[in-house]
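**Student:**
Protein chains: 2
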Amino acid sequence: MQALILTIGDEILLGQTIDTNSAWIGQQLNAIGIQVTRRITVGDTLESISSSLQEGWSSYDLVIMTGGLGPTKDDITKTAIASFFQVEMVFSEDTYARILRIFDRLGRPATEAHRAQCFMPANAQLLPNSMGTAPGMWIKQDHKILISLPGVPYEMKSIMTEAALPRLRQQPGLIPIFHHTLLTAGLGESEIASRLSNIEENLPDHLKLAYLPALGQVRLRLSAYGGDARVREAEMETIADQIRGSLGQAIYAEGDTSLEACLGELLLVRGLTLATAESCTGGAIAQAITSVAGASRYYLGTMVAYHNELKTKHLGVPPEILASEGAVSRPVVEQMVRGILSTYQADVAISASGVAGPGGGTPDKPVGMIWIAVGNQQDIRTRQLKLGKNRSTNIEATAILAMNELRLWLLDHPELTGSGMPF
Amino acid sequence: MQALILTIGDEILLGQTIDTNSAWIGQQLNAIGIQVTRRITVGDTLESISSSLQEGWSSYDLVIMTGGLGPTKDDITKTAIASFFQVEMVFSEDTYARILRIFDRLGRPATEAHRAQCFMPANAQLLPNSMGTAPGMWIKQDHKILISLPGVPYEMKSIMTEAALPRLRQQPGLIPIFHHTLLTAGLGESEIASRLSNIEENLPDHLKLAYLPALGQVRLRLSAYGGDARVREAEMETIADQIRGSLGQAIYAEGDTSLEACLGELLLVRGLTLATAESCTGGAIAQAITSVAGASRYYLGTMVAYHNELKTKHLGVPPEILASEGAVSRPVVEQMVRGILSTYQADVAISASGVAGPGGGTPDKPVGMIWIAVGNQQDIRTRQLKLGKNRSTNIEATAILAMNELRLWLLDHPELTGSGMPF
């Protein structure tokens, strides 16, 4: 099954918006055995949408359109679809009722634009949108499928996950695809490649190993196309076991989870509570930890002491140390851990202080030099990171590497347990 | 002059890499009056590259290819180009000499792959690459232009900036393009559309108004194609002025900036300092504020009191109020503002407490109900948000709306100034 992703939006052609939807859709389709062989982006004009739709429908089994749906630019995409399939536009009472309910809850009136949004090509089955007003559309005809989705990423993802992907999985003729994913943190792609070179050389032809790098992390995805599920899974388990042998604790989990969820789980089962003290990361570590639902069962909070005076006042960092060593130093992050442990009465803590950039670097402490510390009152582990020049990637990478450092520290203190929330 | 951007790479189709190159190229071309009307992404196969090149060359004045150049996957793109133009591949002594110099400097030998990389289609003029080994290519024929660039973003950008864009600017027949962008926060897309309906109806044909929505924000972009710069800019200024009249303070800035930068600027020029106290946002407000380089000139820090006990201990929220009203309530966010103002000695503060979801909702306080407060000791403004069910969008939207609320509060207190950092 070959797919085309058709993205609609002048703002994408103009480069004002980066198209992240297509990458996400590509990953999802690939995971269920559908190959994206082309992506096209066109502007918000009837002619360009129609001609791309024509081209896509004639050459692909599946066309996924994103963008061009919503209260203000609804019309063109739906008009293009209706005219391509030569069907009428019909009013969807269900959609209108849903929109009215949403606005009723918000205590605001729906506008005429919202009513107009409820006209749909007659041959479309509507895919419910739990995150917004414009539903997705599913059209199946001549053994081909067209899916049209709004361009707002969280709406698109919600419709894909809840409605489109489950339907796609049931289509006949999909060659089953099996995945086994190992999640690593703290090792670079080339370091992993060199440790796994033997395993990769001996990989059978029907198994593939892909490296999916992100900041501070690499996901390793084993895939098998076709064949018997039980046989393939057993084969992949054998390879996974070899990979575990080569990468050890760098693997933090397997399957579909995140480092922050995994760290949370580790804390929760041991009854340990966590607090953080941040400087250059400006809340990014807290933000990552609290992105996990239920983090309140083990996470107490953070203090972002962006200013040195607050590091002294609230975290007990001695002004002499700040003066002699500077805020970006081992003793400062150590004391930040001690300080937040006692202020927030936590069992373990993470701290970070560094030069996120782009300004503020010195020859001694260039942009990208960041100290992190993890541990408890008895044992604090520190590490100096040497990152790049980009502020946002420095902040994000620090959050990942600091959480990973605490995870490794916890693995080295297997006996440590706590009694949960102190209050 | 109409352009096609052709991106080559399996990793992009698979969604392992997000294509940021095309957005950047789109912005650059648009700024010099070249309109990108289509983008295509294909995989690393000779057939797909050749057929897209064929299609692009027949329909566009300019085709820019990125990816598919470099020591490991060099061959296919150049073979496709040479075969399309029916020219030989010739060895570039200059390129080889440059590569040898680079490796000499690195103290490593160049590989055979690097020598192979020096064969180029005979009709290509080479565009020097100061950041890597693979030069770009420029082919002009039949009044059309093909530019081929490596896919590594900083190499692509360097060749574009230093060699390709200067040449493109000199091409005859470029129609200038003008933009005027207004940035709004706090109003929905449909609310804006209804307020601007009169203006939109009377928009002259050569002007376009685009809505670019994001969480809690909508960018409004006026564009004019062709004509005299001064005339077009005056026309757009007239429309912009009508939009200002309809949207008022919802417009936080015009041009290329962000809400967090704009809020920071407002604080900085008034000498005011900011602190935040967060609960459900878990550091997201701090994270947004500190994403702006130089935030340390006005931002003191945040306390994320994820746990109620910490709200009492460090922010002075009375336990009775937590017991009677719950943590998600007006008096609690008000006291969080008061508490952080005094703890961090800030001039103004933002606080937020709510049910981010997906769990934790009750009939009284459903998922998505979030209280925010902004202000100083004399005047605190609170607002209840009713957001959706998605944890991460609830957190992100709260951060945007809370920053916007403080911006509006500051506009309503024009006389308020401070004396900068308290330490």
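Here the protein sequences come in this chain order: Y and P.
Under the numbering used here, think of the first position of the first sequence as 19, with each following residue one higher.
Under the numbering used here, think of the first position of the second sequence as 19, with each following residue one higher.
Using N, Cα and C, we set each Cβ at its ideal position, and we do this for glycine too.
(1) Determine the chain Y residues that contact P/R133 at a beta-carbon separation under 9 Å, and present them in chain order.
(2) Against chain B, with Cβ distances strictly below 7 Å, would Y/P190 count as a contact?
(3) Could you list which residues in chain P have their beta carbon closer than 8 Å to that of Y/P376, in chain order?
(4) Are the stretch 399-419 of chain P and the stretch 328-335 of chain P touching by the rule of at least three beta carbon pairs closer than 8 Å?
(5) For Y/L419, which of helix, strand or coil comes out of DSSP?
(6) Using a Cβ-Cβ cut-off of 6 Å (strictly less than) and excluding sequence neighbours within five positions of Y/A374, which residues of its own chain qualify?
(7) Does DSSP classify Y/K383 as helix, strand or coil?
(8) Using the Cα positions of P/Y243 and P/P194, report the straight-line distance between them to the nearest angstrom.
(9) With a cut-off of 7 Å, does the C-beta of Y/D28 fall near any C-beta of chain P?
(10) Does Y/A391 have its Cβ less than 7 Å from a Cβ in chain P?
(11) Identify which residue in Y/Q20, Y/G393, Y/V355 and Y/A313 has its Cα closest to the Cα of Y/G191.
(12) Of the choices Y/P153, Y/E111 and Y/L205, whose alpha-carbon is the least far from that of Y/V419?
(13) What are the residues of the stretch 317-328 of chain P that lie near chain Y, defined by any Cβ-Cβ distance shorter than 7 Å?
(14) In chain order, what residues of the same chain lie with their CB nearer than 7 Å to the CB of P/R401, ignoring the 5 residues before and after it?
(15) Would you kindly work out how many angstroms separate the C-alpha atoms of Y/L318 and P/M439, rounded to a whole number?
(16) Between the stretch 406-436 of chain P and chain Y, which residues of the former have CB atoms less than 8 Å from a CB of the latter, in chain order?
(17) Run down chain Y in chain order and give the residues with a C-beta less than 7 Å from the C-beta of P/V60.
(18) So, are the CB atoms of Y/Q305 and P/Q305 less than 7 Å apart?
(19) Which residue or residues does DSSP assign as beta-bridge partners of Y/F137?
(20) For P/Q435, which three-state DSSP category applies?
(21) What does a CB cutoff of less than 6 Å around Y/Q143 pick up in its chain, not counting 5 residues either side in sequence?
(22) Check whether the stretch 119-127 of chain P and the stretch 54-71 of chain P touch, using three or more Cβ-Cβ pairs below 8 Å as the test.
(23) Starting from P/P231, trace the beta strand (DSSP E) both ways and give me its first and last residue.
(24) In the structure shown, what three-state DSSP assignment does Y/L200 receive?
(25) If the criterion is Cβ atoms closer than 7 Å, does the pair Y/G377 and P/A279 meet it?
(26) Which term fits P/N220, buried or exposed, when burial requires 16 or more other beta carbons within 10 angstroms of its beta carbon?
(27) Tell me whether the beta-carbon of Y/P153 lies closer than 7 Å to the beta-carbon of Y/N147.
(28) Which term fits Y/D28, buried or exposed, when burial requires 16 or more other beta carbons within 10 angstroms of its beta carbon?
(29) Among the residues of its own chain, which have a CB less than 7 Å from the CB of Y/L200, if the five just before and after it don't count?
(30) By how many angstroms is the C-alpha of Y/Y229 removed from the C-alpha of Y/M387?
(31) Going by C-alpha distance, which of P/A131, P/Q363, P/P349 and P/S215 is nearest P/G372?
(32) Within 10 angstroms of the Cβ of Y/Q46, are there 16 or more other Cβ atoms? Answer buried if so, exposed if not.
(33) Who are the near neighbours of Y/A417 in its chain, counting only those whose CB is closer than 7 Å to its CB and skipping five residues on each side?
(34) Name the chain P residues that come within less than 9 Å of Y/G344, Cβ to Cβ?
(35) P/E251 to P/K226, Cα distance in whole Å?
**Tutor:** The answer reads as follows:
(1) Translated into the one-based positions of the second sequence, residue 133 of chain P becomes position 115. Ordered by position in chain Y, no residue passes the 9 Å Cβ test against P/R133, which lies about 23 Å from the chain.
(2) Included in the structure are the protein chains Y and P, with no chain B among them.
(3) Here residue 376 of chain Y refers to the residue found at position 358 when the first sequence is read from its first residue. Per Cβ cutoff of 8 Å: A311.
(4) no
(5) Position 401 of the first sequence, counted from the first residue, corresponds to residue 419 of chain Y. Residue state, collapsed to three classes: helix.
(6) Position 356 of the first sequence holds residue 374 of chain Y. Excluding positions up to five away in sequence, the list reads C298, R409, N412 and I413.
(7) Here residue 383 of chain Y refers to the residue found at position 365 of the first sequence. The answer is coil: DSSP assigns Y/K383 none of H, G, I, E or B.
(8) Taking the second sequence and counting its residues from 1, one reaches residue 243 of chain P at position 225. Taking the second sequence and counting its residues from 1, one reaches residue 194 of chain P at position 176. P/Y243 and P/P194: Cα-Cα distance of roughly 6 Å.
(9) Looking up residue 28 of chain Y in the first sequence gives position 10. Closer than 7 Å: yes.
(10) Start at 1 with the first residue of the first sequence, and residue 391 of chain Y comes out as number 373. No, no contact with chain P.
(11) Locating residue 191 of chain Y in the first sequence gives position 173, where the first residue counts as 1. Of the candidates Y/Q20, Y/G393, Y/V355 and Y/A313, the one whose C-alpha sits nearest the C-alpha of Y/G191 is Y/Q20.
(12) Residue numbering aside, residue 419 of chain Y sits at position 401 when the first sequence is read from its first letter. Residue identity check: residue 419 of chain Y is Leu in the sequence provided, not Val. The candidate whose alpha carbon is nearest that of Y/L419 is Y/L205.
(13) Y317, L318, G319, T320, M321, V322, A323, Y324, H325, E327 and L328
(14) In the second sequence, counting from the first residue as 1, residue 401 of chain P sits at position 383. Cβ neighbours of P/R401 beyond the five flanking positions: I390 and E423.
(15) Walking along the first sequence from the start, residue 318 of chain Y turns up at place 300. Walking along the second sequence from the start, residue 439 of chain P turns up at place 421. Distance between the alpha carbons of Y/L318 and P/M439: 28 Å.
(16) G406, K407, N408, R409, S410, T411 and I413
(17) Stepping through the second sequence from its first residue, residue 60 of chain P is reached at position 42. Result: R56.
(18) Translated into positions along the first sequence, residue 305 of chain Y becomes position 287. Translated into positions along the second sequence, residue 305 of chain P becomes position 287. Taking 7 Å as the Cβ cut-off, Y/Q305 and P/Q305 qualify as a contacting pair.
(19) If you number the first sequence from 1, residue 137 of chain Y lands on position 119. Y/F137 is bridged to Y/F109.
(20) As a working note, residue 435 of chain P is residue 417 in the second sequence. The identity of residue 435 of chain P in the sequence shown is Thr, whereas the question assumes Gln. Of the three classes helix, strand and coil, the one that applies to P/T435 here is coil, per DSSP.
(21) What you label residue 143 of chain Y is simply residue 125 of the first sequence in a count that begins at 1. Closer than 6 Å at Cβ, skipping near neighbours: W156.
(22) no
(23) As a first step, residue 231 of chain P must be located in the second sequence, where it is residue number 213. Where P/P231 is concerned, the enclosing beta strand (DSSP E) stretches over L225 to A232.
(24) Locating residue 200 of chain Y in the first sequence gives position 182, counting from the first residue. In this structure, Y/L200 counts as strand in the three-state DSSP scheme.
(25) Within the first sequence, residue 377 of chain Y is the residue found at index 359, counting from 1. Within the second sequence, residue 279 of chain P is the residue found at index 261, counting from 1. Taking 7 Å as the Cβ cut-off, Y/G377 and P/A279 do not qualify as a contacting pair.
(26) What you label residue 220 of chain P is simply residue 202 of the second sequence in a count that begins at 1. Looking at its Cβ environment, which holds fewer than 16 other Cβ atoms inside 10 Å, P/N220 is exposed.
(27) Residue numbering aside, residue 153 of chain Y sits at position 135 when the first sequence is read from its first letter. Residue numbering aside, residue 147 of chain Y sits at position 129 when the first sequence is read from its first letter. In contact: Y/P153 and Y/N147 (Cβ atoms closer than 7 Å).
(28) For this step, residue 28 of chain Y is matched to residue 10 along the first sequence. It is buried - the Cβ of Y/D28 has at least 16 other Cβ atoms within 10 Å.
(29) Mapped onto the first sequence, residue 200 of chain Y falls at position 182. Counting only Cβ-Cβ distances below 7 Å, and skipping sequence neighbours, we find L238, A258, I261, I269 and E272.
(30) Within the first sequence, numbered from 1, the residue matching residue 387 of chain Y stands at position 369. Within the first sequence, numbered from 1, the residue matching residue 229 of chain Y stands at position 211. If I take the Cα positions, the gap works out to 27 Å.
(31) As a working mapping, residue 372 of chain P is identified with position 354 in the second sequence. The shortest C-alpha separation from P/G372 is found at P/P349.
(32) Here residue 46 of chain Y corresponds to residue number 28 of the first sequence, with the count starting at 1. The residue in question, Y/Q46, is buried, as its Cβ has 16 or more Cβ neighbours within 10 Å.
(33) Along the first sequence, read from residue 1 onward, the residue named residue 417 of chain Y stands at position 399. Hits under 7 Å: T299, A302, I303 and A306.
(34) Reading the first sequence from its first residue, position 326 is the one you call residue 344 of chain Y. Per Cβ cutoff of 9 Å: no residues; Y/G344 is ~14 Å from chain P at best.
(35) Mapped onto the second sequence, residue 251 of chain P falls at position 233. Mapped onto the second sequence, residue 226 of chain P falls at position 208. Each residue's alpha carbon lies about 13 Å from the other.
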